[in-house]
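So the structure is just underneath, and the comments pick up after that.
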Amino acid sequence: MSNSKFISRSVVLSALVSVLVAVAPAQGLAAVGVSVSKTEKLADLEVVSIKLANVPAGQGVYISQCFKPTLGQRAATGLICNGSVTETGTMIWATTDGQRGSQSATGELVLMMRSSFSKIDANGASKTYDCGVSNCSLFVYRDHRGITDTALDTIVPLI
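For the sequence shown, my numbering assigns the number 37 to the initial residue and increments by one for each residue that follows.
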């Protein structure tokens with residue numbers, strides 16, 4: 037092999053290895069795996085079963101029925117979800133380390149779906165959000181111990 041071909045191939049190989057090394061860490065931060073018993077034609081007050089996979093050890097997530105969520109969105113940036121952690125049955129807090137008040141991220145979780153929900157805005161006015169076809173999704177996102185971490189964000193459309 038000539039010296040110039042060897043150098044060219046070495047440069048290409050080095051570039052390829054650099055790209056693979058740069059991409060590999062991002063793959064380790066994959067979103068949470070979410071399996072839901074039913075995502076279509078949900079009736080108001082219907083309860084669905086949820087199973088999670090790949091929640092990292094020592095971490096937790098919230099699971100909510102949200103109105104048109106986007107990855108990385110949080111309450112401070114316009115995330116609108118049914119209920120809150122303090123309203124029983126409207127949101128799930130699941131952890132892998134058994135934090136007090138949380139449910140196990142490795143077990144079966146259940147959540148009641150709504151066809152619409154109301155929220156009070158910053159001006160004290162009530163607004164109703166209709167979860168008709170493709171307006172709402174289940175949104176899984178990092179709990180309060182890492183709320184700005186978006187690596188676990190997962191959206192499951194509800195049709």
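We put the beta carbon where it would ideally sit given N, CA and C, even for glycine.
Check: Proximity winner among ALA93, LEU147, VAL176 and LYS104, relative to THR186 (alpha-carbon distances); Outcome: VAL176
Check: Boundaries (first-last residue) of the beta strand (DSSP E) holding GLY96; Outcome: 96 to 103
Check: 9 Å Cβ cutoff met for ASP179 and SER138; Outcome: yes
Check: 7 Å CB neighbourhood of CYS102 in its chain, flanking five on each side removed; Outcome: LEU115, ILE116, CYS117, CYS172, SER173 and PHE175
Check: Any chain B beta carbon closer than 9 Å to ASP185; Outcome: Considering every chain present, this structure includes no chain B. It has just one protein chain.
Check: Reduced DSSP category for ALA93 - H, G, I as helix; E, B as strand; rest coil; Outcome: coil
Check: At least 3 beta-carbon pairs within less than 8 Å: the segment 81 to 89 vs the segment 103 to 113; Outcome: no
Check: Rounded separation between ASP157 and THR75 - CA only; Outcome: 28 Å
Check: 6 Å CB neighbourhood of VAL146 in its chain, flanking five on each side removed; Outcome: VAL83 and SER85
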